[in-house]
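Below is one structure, written out as structure tokens; the observations come after it.
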Amino acid sequence: MLILSVIALFIGPLLYHWLRHGGLIARAVERLVVAVLAIMVAFLLVPEALHQLGWAAVALIVAGYLVPGLLEAALKGAAQTFHLASVYVALAGLSLHALLDGAGLAGSGLHADNDLAMAIVLHRLGIGLVLWLIVQPALGARAGLLVLLLMAVMTVAGFYLSGAVLPLAGDRAVQFIQALIIGAIIHSLIHREHVHRHA
């Protein structure tokens with residue numbers, strides 16, 4: 001799943017062009033992916049997080065929901081005005097997000113949780129698309145590819161670092177990370193219309 005999650009990031013630019021020019025077939029495929037992801041979140045991932053963590057899961061899911069929007073806004077504003085400090089802050093936050101995705105994939109492997117792993121891979125399609133939408137028009141294709149490469153490297157790092165640390169941290173740490181990722185996935189589902197307005 002790690003390789004699929006990295007490939008999914010780089011499919012973002014292709015999705016951007018396909019959604020702009022692909023017509024009905026592109027929209028139908030996109031709606032199918034969104035529907036599958038929404039069903040997985042609503043009926044598998046959120047109930048499991050609530051069962052494992054109780055009401056703490058709600059706070060973690062809300063935090064996971066809010067942080068990507070703040071990071072996207074910071075990166076978009078920075079890209080438009082070329083405030084490098086803001087770009088670095090936003091990229092640091094997005095790198096942490098990628099580390100969490102990698103850790104979530106590692107945690108899924110430890111607990112044979114294929115539902116979360118598949119949701120992360122599908123979610124990464126949207127992340128790649130949004131990053132391309134924000135960075136490429138303002139800073140160019142090379143900068144867009146570099147940002148995607150950074151996210152891929154951080155995902156791999158998160159996967160391998162957490163593979164060593166998570167077994168020592170125990171199930172609770174894995175469950176906290178998974179709840180944060182669920183919130184980020186919900187964010188991408190709710191705010192996908194933002195992508196449509198720019199695609």
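The opening position of the sequence shown corresponds to residue 1 in my numbering, with each subsequent residue numbered one higher.
Beta carbons are placed, not taken as given, at the ideal position from N, Cα and C, and that holds for glycine.
Being a predicted model, the structure only gives us computed values, none of them experimental.
Among the options, whose alpha-carbon lies nearest the alpha-carbon of residue i?
| i | options | result |
| --- | --- | --- |
| PHE159 | LEU131, ILE127, ILE120 and VAL135 | ILE120 |
| LEU133 | LEU99, GLY64, ILE3 and ARG20 | ARG20 |
| LEU99 | LEU50, LEU60 and VAL153 | VAL153 |
| ALA92 | ALA103, ASP101, LEU71 and SER108 | LEU71 |
| GLY102 | LEU139, TYR16, HIS51 and ALA157 | ALA157 |
| LEU189 | THR155, ARG142 and GLY69 | GLY69 |
| VAL130 | PHE10, ALA28 and LEU4 | PHE10 |
| LEU4 | TRP18, GLY128, GLY54 and ALA28 | GLY128 |
| HIS187 | GLY64, LEU94 and GLN136 | GLY64 |
| GLY49 | GLY104, HIS191 and ALA8 | Note on identity: in this sequence residue 49 is Ala, with Gly being the wrong assignment. Nearest option by C-alpha distance: GLY104. |
Run through DSSP, which three-state label would residue i get?
| i | result |
| --- | --- |
| TRP55 | coil |
| HIS187 | helix |
| GLY107 | helix |
| MET1 | coil |
| SER140 | Looking at the sequence shown, residue 140 is not Ser but Gly. GLY140: coil per DSSP, three-state reduction. |
| VAL195 | Because VAL195 carries a pLDDT of 48, less than 50, the predicted location of this residue cannot be relied on, and the following value inherits that uncertainty. Note: VAL195 maps to helix in three-state DSSP. |
For residue i, is the classification buried or exposed, using 16 other Cβ atoms within 10 angstroms of its Cβ as the cut-off for buried?
| i | result |
| --- | --- |
| PRO13 | buried |
| ILE185 | buried |
| TYR16 | buried |
key: At least 3 beta-carbon pairs within less than 8 Å: the segment 115–124 vs the segment 41–57   = Because the criterion of three Cβ pairs below 8 Å is met, the segment 115–124 and the segment 41–57 touch.
(Q) Would you call the segment 173–186 in contact with the segment 25–35, where contact means no fewer than 3 C-beta pairs closer than 8 Å? (A) The segment 173–186 makes no contact with the segment 25–35; the number of CB pairs closer than 8 Å stays below 3.
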